[in-house]
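Residue numbers (this note's numbering): 1163 to 1427.
All C-beta atoms in this analysis are idealised placements derived from N, C-alpha and C, irrespective of residue type, glycine included.
No experiment lies behind these values; they were computed from the predicted model shown.
Below is one structure, written out as structure tokens, with a few remarks after it.
Pasting the structure below:
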């Protein structure tokens, strides 16, 4: 596991030495664009849109678009606004996890104790576990300031970065319904349907089926076989359920959910 960061996790006057690791392993299927006749990879040049020529690195600067044109910003000027580089994740407060809307969740990192910090690590982990709380902290990683939740995951601590409020698009920008023709009975059946379709979340039940199919195509092609025909006519998009037909559809859905539960039992 690749080490990303070393520092301390601070809560109150307690400073626990820690190490930070990636918690997500991305598995992209990477393709390169090639020149078909000789199979050579395509590379991209930095070309001036005005002069149409390749620009050497020494002539490239950073610009910010304004109403009056481009504002050139030097690295030294940006460094004045850079966050203070500290080696500490400082917990500011503790809150209930349920108080954090999942829309704020960004990226998880595993926290492991560094040398000599095992007891302090266990102290914070068990304090969070028994209290049901998560710590809210700010820290600097890769020259960027992050908001984060420090929480328990199994026997590990996790630093879950969060979006800052100004990064989220407010829901008021959506055209949401304010009136409805639904009947109370339909809503009750909807609640019942949710109940019948409810269960425990088992991540292992789900796979990235598209990735599996692409890997199978690549495997067969590498072995010299013609990839199987995977193109299938796309089914027509489902038509919105008319409100007048909603009660019947809900009843049918309830019956199907009940039948699925009987088969699974």
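Looking at the structure shown, is residue 1222 part of a helix, part of a strand, or coil, going by DSSP?
Counting from one through the chain shown, the residue named residue 1222 turns up at place 60. Coil.
Between the beta-carbon of residue 1317 and the beta-carbon of residue 1179, is there less than 7 Å?
Against the chain shown, residue 1317 aligns to sequence position 155. Against the chain shown, residue 1179 aligns to sequence position 17. Against a cut-off of 7 Å, the Cβ pair of residue 1179 and residue 1317 comes out as no contact.
Which ranges would you report for the beta strand (DSSP E) in the region 1164-1220 if only whole runs of at least 3 residues count?
1165-1173 and 1176-1184
Pull up the distance between the alpha-carbon of residue 1208 and that of residue 1332, whole angstroms please.
Residue mapping note: residue 1208 aligns to position 46 of the chain shown, counting from 1. Residue mapping note: residue 1332 aligns to position 170 of the chain shown, counting from 1. So the alpha carbons of these two residues sit roughly 37 Å apart.
On the DSSP bridge assignment, give the partners of residue 1228 in chain order.
Taking the first residue of the chain shown as position 1, residue 1228 is located at position 66. Bridge partners of residue 1228: 1231.
Beta-carbon spacing of residue 1324, residue 1309 below 7 Å:
In the chain shown, residue 1324 corresponds to position 162, counting from 1. In the chain shown, residue 1309 corresponds to position 147, counting from 1. In contact: residue 1324 and residue 1309 (Cβ atoms closer than 7 Å).
For the region 1321-1392, list the alpha helix (DSSP H) runs that are entirely contained and at least 4 residues long, ordered along the chain.
1346-1358 and 1371-1384
C-beta atoms of residue 1182 and residue 1195 nearer than 7 Å
Here residue 1182 refers to the residue found at position 20 when the chain shown is read from its first residue. Here residue 1195 refers to the residue found at position 33 when the chain shown is read from its first residue. Not in contact: residue 1182 and residue 1195 (Cβ atoms no closer than 7 Å).
Relative to the alpha-carbon of residue 1377, which residue among 1235, 1411 and 1192 has its alpha-carbon at the smallest distance?
Taking the first residue of the chain shown as 1, we reach residue 1377 at position 215. With distances taken between Cα atoms, residue 1377 lies closest to 1192.
Can you give the Cα-Cα distance for residue 1358 and residue 1230, rounded to whole angstroms?
Position 196 of the chain shown, counting from 1, holds the residue named residue 1358. Position 68 of the chain shown, counting from 1, holds the residue named residue 1230. Computed Cα separation, rounded: 60 Å.
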